[in-house]
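Novice:
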Amino acid sequence: PTVVDAVRSDGTRCVIRRTWTYSDEIPVLQQIGGYGFDKRNHVVPVLDILLLPTTDDQALVVMPLLRLFNNPPYSRVSEVVETVSQFLECMQFLHEHLIAHRDFCAFNLMMDTTRLIPGGFHFASTSRPPDGSMAGLRYFDRSQVAPMKYFLIDFGLCSQLPSKDSLVTGVYGQDKTVPELSWDVPYSPFKVDIYQFGRVILKDLVDNYTHLEFLRPLSEAMTRLSPEDRPDVDDALRMFEQLVNSMKPADLKRRIKLKPDHTITYYTPRIRYCSNSFCVC
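With the UniProt record's numbering applied, the sequence shown has no gaps in its numbers, which climb one by one up to 281 at the end.
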């Protein structure tokens with residue numbers, strides 16, 4: 001396996017990821033770790049890097065145990081706003097340091113659920129508690145434990161570049177709809193990040209939940225077919241802030257739910273915290 005779960009000597013649950021040493025991943029993660037003072041740095045923190053005694057080609061990166069950003073599902077507009085804000089900030093932070101992630105897609109967007117799911121969850125079967133029983137997960141709504149912390153993971157495809165005008169080649173990443181990906185024709189990896197996260201906003205949020213149509217203009221701008229027509233991350237963040245600032249406080253507190261035809265395929269836990277007691281929803 002590429003990723004396994006583990007427990008540190010201090011009891012912290014973590015994951016160990018095997019990565020290639022010839023990629024930019026380890027040096028980029030080490031560099032980013034030095035920018036902890038930047039509040040926009042939502043890159044997964046590295047707890048340790050373990051060198052292997054039998055090979056120089058691979059190493060083990062130890063990181064906190066995190067969970068997919070959209071599981072459990074959202075319950076209020078403000079929770080989605082917090083998510084989009086943190087990931088756009090993270091992209092802005094990376095692009096300022098001339099780092100393109102190149103796989104800014106759903107399965108690399110995570111969250112810390114220490115307070116959201118206080119009892120924890122099973123690494124291999126995330127709808128179950130740590131012991132693997134069928135008891136079901138107990139969790140709060142995100143707004144009850146806000147602010148949440150979201151993190152970007154998996155820098156195995158990232159590129160550290162000499163300038164924002166740098167071009168790359170290659171057909172990489174989870175999202176195969178990025179129109180400019182090519183082995184032969186160079187393209188901007190920064191605009192690929194924009195497109196990929198725009199698709200997340202559109203497909204995982206706007207199309208799947210009620211009352212998130214206000215984000216559609218942003219997602220459509222970020223996923224324009226021509227890279228030149230897409231905003232850069234500064235403009236995308238500015239557009240997002242304008243959309244949010246135009247909303248009333250009551251709009252942000254509005255409850256949302258998954259649409260009947262949503263495309264999220266994970267099992268949704270059904271036991272949630274209500275105030276100080278458990279309730280079945």
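Think of the CB as a built atom: it goes at the ideal place given N, C-alpha and C, for glycine as much as any other residue. Here the structure is a predicted model, which is why all the values come from computation and not from measurement.
Tell me whether K191 sits in a helix, a strand or coil according to DSSP, three-state version.
Specialist: Numbered from 1 along the sequence shown, position 191 holds the residue referred to as residue 191. Helix, per DSSP.
Novice: Distance check for T54 and A100, CA to CA, integer angstroms please.
Specialist: Residue 100 sits at position 100 when you count from the first residue of the sequence shown. Residue 54 sits at position 54 when you count from the first residue of the sequence shown. When rounded, the distance between both Cα atoms is 31 Å.
Novice: Taking the Cβ atom as the reference point for each residue, do S182 and V192 lie within a distance shorter than 8 Å?
Specialist: Working through the sequence shown from its first residue, we reach residue 182 at position 182. Working through the sequence shown from its first residue, we reach residue 192 at position 192. Not in contact: S182 and V192 (Cβ atoms no closer than 8 Å).
Novice: Between the stretch 51 to 71 and the stretch 94 to 110, can you find at least three pairs of beta-carbon atoms closer than 8 Å?
Specialist: In this structure the stretch 94 to 110 lies against the stretch 51 to 71, because at least three pairs of beta carbons, one per stretch, are closer than 8 Å.
Novice: Using the C-alpha atoms, what's the distance from F214 back to M222?
Specialist: Residue 222 sits at position 222 when you count from the first residue of the sequence shown. Residue 214 sits at position 214 when you count from the first residue of the sequence shown. Their backbone Cα atoms lie some 14 Å apart in a straight line.
Novice: How about H262 and Y150: are their beta carbons less than 8 Å apart?
Specialist: Walking along the sequence shown from the start, residue 262 turns up at place 262. Walking along the sequence shown from the start, residue 150 turns up at place 150. Their beta carbons are not under 8 Å apart, which means H262 does not touch Y150 by this criterion.
Novice: Taking all protein chains shown into account, decide if F37 is buried (16 or more other Cβ within 10 angstroms of its Cβ) or exposed.
Specialist: The sequence position of residue 37 within the sequence shown is 37, counting from 1. Exposed is the call here.
Novice: Check for me: the alpha helix (DSSP H) holding F240 runs from which residue to which?
Specialist: Indexing the sequence shown from 1 puts residue 240 at position 240. Taken as a continuous stretch (DSSP letters only), the alpha helix (DSSP H) holding F240 covers 233 to 245.
Novice: Are the CB atoms of R17 and L60 within a distance shorter than 8 Å?
Specialist: Taking the first residue of the sequence shown as position 1, residue 60 is located at position 60. Taking the first residue of the sequence shown as position 1, residue 17 is located at position 17. Contact flag set, yes.
Novice: According to the Cβ coordinates, are R128 and C90 closer than 8 Å?
Specialist: As a first step, residue 128 must be located in the sequence shown, where it is residue number 128. As a first step, residue 90 must be located in the sequence shown, where it is residue number 90. No, they are not a contact pair.
Novice: Nearest to H211 by CA position, among P231, L116, V62, L258, is which residue?
Specialist: On the sequence shown, residue 211 is found 211 positions in, with the first residue counted as 1. For H211, the nearest C-alpha among the options comes from L258.
Novice: Please go through the same chain and pick out, in chain order, the residues whose beta-carbon is closer than 7 Å to the beta-carbon of V206, but skip the five residues on each side of it.
Specialist: The sequence position of residue 206 within the sequence shown is 206, counting from 1. Excluding sequence neighbours, V206 sits near L212, E213, L215, R216, S219.
Novice: Quick one: Cα of P118 to Cα of Y139, how far?
Specialist: Here the question's residue 118 lines up with position 118 in the sequence shown. Here the question's residue 139 lines up with position 139 in the sequence shown. Each residue's alpha carbon lies about 7 Å from the other.
Novice: Could you name each continuous beta strand (DSSP E) segment of 3 residues or more that falls completely within the stretch 177 to 222, going from the start of the chain to the end?
Specialist: 182 to 187
Novice: Excluding the 5 residues preceding and the 5 following E180 in the sequence, name in chain order all residues of the same chain whose CB lies nearer than 6 Å to its CB.
Specialist: Taking the sequence shown and counting its residues from 1, one reaches residue 180 at position 180. So the qualifying residues of the chain are Y187, P227.
Novice: Any idea what DSSP makes of R142, helix, strand or coil?
Specialist: Translated into positions along the sequence shown, residue 142 becomes position 142. DSSP places R142 in helix when its eight states are reduced to three.
Novice: Is the distance from the Cβ of L98 to the Cβ of K164 below 8 Å?
Specialist: As a position in the sequence shown, residue 98 is number 98, starting the count at 1. As a position in the sequence shown, residue 164 is number 164, starting the count at 1. Yes.
Novice: Please report the Cβ distance between T44 and C14, rounded to the nearest whole angstrom; I am assuming they are in contact, meaning their Cβ atoms lie under 8 Å.
Specialist: Sequence index remark: in the sequence shown, residue 44 carries index 44 (1-based). Sequence index remark: in the sequence shown, residue 14 carries index 14 (1-based). Inspection of the sequence shows that residue 44 is occupied by Val rather than by Thr. So it is not a contact: roughly 11 Å between Cβ atoms.
Novice: Which word fits T177, buried or exposed, when buried means at least 16 other C-beta atoms lie within 10 angstroms of its C-beta?
Specialist: Here residue 177 is taken as the residue at index 177 of the sequence shown, counted from 1. With fewer than 16 other Cβ atoms within 10 Å, it is exposed.
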